[in-house]
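Visitor: For reference, each letter of the sequence shown is one residue, going 1 to 210 in UniProt numbering. Ideal Cβ positions, reconstructed from N, Cα and C, are used throughout, including at glycine.
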Amino acid sequence: MTDPPRQIGVMVVDDHPLLREGVAAVLEPQPDIVLLGEAGNGREALEGYRRWRPDVTLMDLQMPEIGGLEALIAIIAEFPLARIIILTTYAGDVQATRALKAGAVGYLLKSSLRRDLADTIRNAHRGQRYLQPEIASAIALGTLDDALSPREVQVLQLAASGHSNKRIAHSLGLSEETVKTHMKSILSKLRVADRTHAVVVAAKRGIIEL
């Protein structure tokens with residue numbers, strides 16, 4: 001009589017308990033997957049990974065203390081074979097690209113957990129990358145745009161906080177005219193007509209945080 005195949009051990013990292021409960025509910029009926037543990041931020045994620053050594057880790061990006069991207073980089077630096085799937089609310093091409101370059105093996109929208117989570121975990125365990133079509137499409141479209149420069153990202157982040165051009169100029173040690181030039185470039189690159197729309201588009205794509 002042969003032994004049953006070993007279950008795939010999973011750790012979930014998210015600062016929202018309801019999301020973690022939702023993941024547990026999806027995984028509970030899966031005979032080949034077991035939830036080893038949970039973490040609420042990036043620091044706990046690294047500690048949990050050391051403790052449980054999961055086969056697959058599910059990681060949110062937006063978390064207190066240490067964010068998901070920082071935690072992903074730290075885990076892979078210590079455990080190069082770690083298989084980490086990013087869980088996210090938005091199909092932002094910039095965040096997805098950063099995570100994939102840092103070593104994530106998958107990028108999954110939280111809205112599709114019931115439909116895709118178990119199979120994505122199985123694929124990751126087999127060493128296969130997985131991107132949902134809407135995320136792959138966002139990345140493909142994003143590569144066609146001119147990337148914002150680091151200074152333009154700073155300007156737009158301050159604009160998102162409600163700062164006027166004058167206040168942005170003062171904060172960054174620039175002239176107000178230079179800030180206006182940066183803003184004009186931002187609108188052109190994001191293909192929008194005003195700064196409010198620029199903030200919305202940039203946040204959705206993961207260029208800035210709100």
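G34 to R114, Cα distance in whole Å?
Guide: As written in the sequence, residue 34 is Val, which differs from the Gly given in the question. Rounded to the nearest angstrom, the two C-alpha atoms are 16 Å apart.
Visitor: Please return the same chain residues whose Cβ sits closer than 7 Å to the Cβ of A202, not counting the five positions on each side in sequence.
Guide: L156, L190 and I208
Visitor: How many Å lie between G127 and Q154 at the Cα?
Guide: About 37 Å.
Visitor: Roughly how many whole angstroms lie between the Cα atoms of P80 and A24?
Guide: 26 Å
Visitor: Leaving out the 5 sequence neighbours to the left and right, which residues in its chain are closer than 7 Å to I66 when beta-carbon positions are compared?
Guide: Closer than 7 Å at the Cβ level, and outside the excluded window around I66, lie N41, G42 and R43.
Visitor: DSSP state of A193, grouped into three classes?
Guide: coil
Visitor: In whole angstroms, what separates the C-alpha of G22 from that of L87?
Guide: 12 Å
Visitor: When DSSP builds the beta bridges, which residues end up paired with Y107?
Guide: I86 and L131
Visitor: Between which two residues does the beta strand (DSSP E) carrying A147 extend?
Guide: Looking at the DSSP string, A147 is not in any beta strand (DSSP E), and its letter there is neither H nor E.
Visitor: Which of the three DSSP states is assigned to D14 in this structure?
Guide: coil
Visitor: Can I75 and I85 be called in contact, C-beta distance under 8 Å?
Guide: no
Visitor: So which of R6, G9, G37 and I8 has the shortest CA-CA distance to P17?
Guide: Out of R6, G9, G37 and I8, G37 has the C-alpha closest to the C-alpha of P17.
Visitor: With H, G and I counted as helix, E and B as strand and the rest as coil, what does DSSP make of L187?
Guide: DSSP places L187 in helix when its eight states are reduced to three.
Visitor: Tell me where the beta strand (DSSP E) around E28 begins and ends.
Guide: Segment: none, E28 is in no beta strand (DSSP E) and carries neither H nor E.
Visitor: Where does G9 fall in DSSP's three states?
Guide: For G9, the three-state secondary structure derived from DSSP is strand.
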